[in-house]
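Before any comments, here is the structure.
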Amino acid sequence: MKKRIMKVVVFFVVLEIIITIVNLLFWDNVHSYTRLMIKEMYQYEGNIDVVFLGASHVYRSYDTEIADGILQKNTFNAGSSSQDFCSSYYLLKEISQYHNVDTVYFDVGFIMGRQEETSKIAVNILSAYMKNGFNKISMMWNELGLEAVVDFFLPVRYGFKVNFISLYKEKLSYDYKSGGYSYVTYDNEEYKGNGFVYSYLEADENTAFSGYIIDEEKPLSDMSLKYLMKMIEYCDKNGIKLVLVESPMPDATLEKTKGYQTYLNYIEQIAKENQIEFLNFNLAKNKLLTMGMKDYKDNNHLNGIGAKKYTEAFCNLIIGLKCGTINKEDMFFSYYADKLKNNFDDTYNRVKN
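Position one of the sequence shown corresponds to residue 7 (my numbering), numbered consecutively onward.
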């Protein structure tokens, strides 16, 4: 009996060693923005007051250094690639365990909102760097089922790199161990800290400004609606102010998107029913914000110049609304058709439809 137990123990010890070696040699987390974002969230000096939450539209849109200065609060960009409404919910819960969050600005853009199923990649991207605990295990088990067991021990599944020699050298470097940025600094973009990524790319007439199709019968998927309502409930119970936001996208993309106004109406209705704010900067009047080709990196993301312009406009609006010096209705159109008619960006004119 003792020999059998010993064999089992030895088996699991050897298995753990093999798993550790495989993850060490072949898992490329060195070049991950999310690794640094979550690390900085846990190690943040002081309290995080304001959180920007969502997918790549978020981590490319909100410059936290600018936001800190205007809002006079500690802001944090918790955006991550492919982050759907489900993973946003669990990430907010994780951040709230370590910080007394006052306000959350959640990007409810239709690209993620129409997603029918939880993104396994999004869950893996976050869970790989979250601390072990009930929230992480709940996210993985509820959304991945038995696959969670594999992902828990083998995050390498979603970041496999063949050239393990160079990867191992990078993991031994001081920059990697200390949370430096050299491995997330590229010619066309770089990680700036606290979740924000600055892009130097600039869209032009050759950019593929293709539109999207939104199901007008069900503008928001069942999964997205479920977790949006869970987030609303969580924020209400924990005294967190939740504001729904949609960051700017090029008009050359939006005017080709079928069902966009239906989506906006649906989100606006949810916001009204739950007495929360919805700020859609794709309906901004020119007195608030006017974007151009030079402000975008591609057909739907802001570049660094655009992020600076948008963050300043966003934060000044928040201050104005709080002080009562700005009326929301004066800053936004009610319908996208009116915005397109009166304040279209130059992507609309410069790109052949």
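Heads up, the beta-carbon is just placed ideally off N, CA and C, and yes, glycines get one too.
Excluding the 5 residues flanking it on each side, Asn-53 has same chain C-beta neighbours closer than 7 Å at Asn-80, His-105 and Asn-106, in chain order. Setting aside the 5 residues that flank it on each side, Tyr-95 is surrounded in the same chain by Tyr-233, Lys-236 and Met-237, each with a C-beta closer than 6 Å to its C-beta; the list follows chain order. Per DSSP, reduced to three states, the secondary structure at Lys-345 is helical. At the C-beta level, Asn-244 and Ser-38 stay beyond 8 Å of one another. Selection Ser-125, Ile-324, Tyr-302 and Phe-320 evaluated against Arg-66 yields Tyr-302 as nearest (Cα-Cα). In chain order, Asn-286 and Tyr-342 place their CB closer than 7 Å to the CB of Leu-270, counting only its own chain and leaving out the 5 sequence neighbours on each side. If you draw a straight line from the Cα of Arg-120 to the Cα of Thr-331, it comes to about 35 Å. Residue range 81-85 is occupied by the beta strand (DSSP E) that includes Asn-83. Counted as a single uninterrupted DSSP element, the alpha helix (DSSP H) harbouring Lys-328 occupies residues 310-329. Asn-306 sits in coil when the DSSP states are folded into three classes, being neither helix nor strand.
Ser-205 and Ile-143 have their C-alpha atoms some 34 Å from each other.
Contact check between the region 311-326 and the region 261-281: fewer than three CB pairs, one atom from each, fall below 8 Å, which does not count as touching. As DSSP reads the structure, Val-249 sits in a beta bridge with Tyr-111 and Glu-283.
With the rule of 3 Cβ pairs closer than 8 Å, the region 113-130 counts as touching the region 75-93. With contact defined as three or more Cβ pairs closer than 8 Å, the region 55-66 and the region 196-216 are in contact. Following the DSSP letters along the chain, one finds Lys-243 inside the alpha helix (DSSP H) bounded by residues 228-243.
Take Cys-321, set aside five residues on each side of it, and the residues of its chain with a beta-carbon closer than 6 Å to its own are Ala-73, Ile-76 and Leu-77, in chain order.
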